[in-house]
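So the sequence lines, in the order shown, correspond to chains A and B. Position in the first sequence counted from 1, then plus 1029, gives you the working numbering. Position in the second sequence counted from 1, then plus 172, gives you the working numbering.
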Amino acid sequence: AQRVTQPEKLLSVFKGAPVELKCNYSYSGSPELFWYVQYSRQRLQLLLRHISRESIKGFTADLNKGETSFHLKKPFAQEEDSAMYYCAPFSGGYNKLIFGAGTRLAVHP
Amino acid sequence: DGGITQSPKYLFRKEGQNVTLSCEQNLNHDAMYWYRQDPGQGLRLIYYSQIVNDFQKGDIAEGYSVSREKKESFPLTVTSAQKNPTAFYLCASSGAGQGGNQPQHFGDGTRLSIL
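So, in structure tokens, the structure goes:
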């Protein structure tokens, strides 16, 4: 069955520390993968998609097909990165996005 | 800002009552979606529509109904058959593309509670 797992409900780090938000998926085929973010009192919005291979706000995410993972990384966390992050694979076979339960990132000064 | 507008922001339902949540978009997007969000869970897809006058059930469609008579509007009705309707409801839209692989734009959400 299609499934996406974000094992950490809360990730707490200090400003300047590296951050890695984990995401594992179980899908057949080659899904597209997205990370969505929700900052306090803002709408849920797209952060990045793996197909773009770009860095947004210092975040990158590498698709590891062997490990079926799509972890989100940033070398130096900033306080403004504090938010809820959702991993969301899309599979053409199922024709929809599946959202993980989310990880709350708290960056302390 | 514009884009997707959901109303009302808060909604209360009495037992046995149907309620309708509004979702309007001015992004000229073909596809629209309704999600339900419960504490500690991700977003779960209720219904989605890829084109006017067509929609498909998502993972948790029971107790809900939708219509897509206009491109810009995708209202969700929570019926009395939905036994646990208390949740946060999010509407989204996306541009043309295969199913949901285009980035989705979200509204501010509607919080539904039972009186």
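In this text, a Cβ means the ideal position worked out from N, Cα and C, and glycines have one as well. Remember, it's a predicted structure, so these values are computed and weren't measured experimentally.
Between B:T249 and B:L193, the C-beta gap is smaller than 9 Å, which places the two residues in contact.
Taking 3 residues as the minimum length, the beta strand (DSSP E) runs contained wholly in the segment 1037–1099 of chain A are 1039–1043, 1048–1050, 1053–1055, 1061–1067, 1074–1078, in order along the chain.
A:L1075 and B:D226 have their alpha carbons spaced roughly 26 Å apart. When DSSP states are grouped into helix, strand and coil, B:D280 belongs to the coil group. Residues of the segment 1090–1119 of chain A with a C-beta less than 7 Å from any C-beta of chain B: Y1115, F1119, listed in chain order. For B:F260, DSSP records a beta bridge to B:Q209, B:R283. Under the three-state reduction of DSSP output, B:D226 falls in the strand class.
The straight-line gap separating the alpha-carbon atoms of B:S265 and B:Q254 is approximately 24 Å. In this structure, the straight-line span from the alpha carbon of B:R208 to that of B:V191 is close to 15 Å. Beyond the five residues adjoining it in sequence on each side, A:S1055 comes within less than 6 Å, by CB distance, of R1032 in the same chain, given in chain order. Looking only at B:D202, B:S237, B:Y182, the smallest Cα-Cα distance to B:I218 is reached by B:S237. For B:Q197, the closest of B:P180, B:T258, B:C263, B:K229 by C-alpha to C-alpha distance is B:C263.
Judged by pairs of C-beta atoms under 8 Å, the segment 1091–1103 of chain A does not touch the segment 175–190 of chain B, as fewer than three such pairs exist. Ranking B:N200, B:A259, B:Y205, B:D210 by CA distance to the CA of B:P247 puts B:Y205 first.
For B:Q276, the closest of A:F1128, A:V1136, A:H1137, A:A1135 by C-alpha to C-alpha distance is A:F1128. Below the 7 Å Cβ cutoff, chain B contributes G214, L215 as neighbours of A:F1128, in chain order. Contact check for B:Q178 against B:A203 fails: the beta carbons are separated by 9 Å or more. Contact annotation: A:L1039 and A:A1135 have beta-carbon atoms nearer than 9 Å.
With respect to chain A, the C-beta atom of B:Y207 has a partner C-beta closer than 9 Å.
Contact note: B:G267 does not reach chain A at a C-beta cutoff of 7 Å; the least C-beta distance is about 12 Å.
As the crow flies, the alpha-carbon of A:G1095 is around 13 Å from that of A:P1060.
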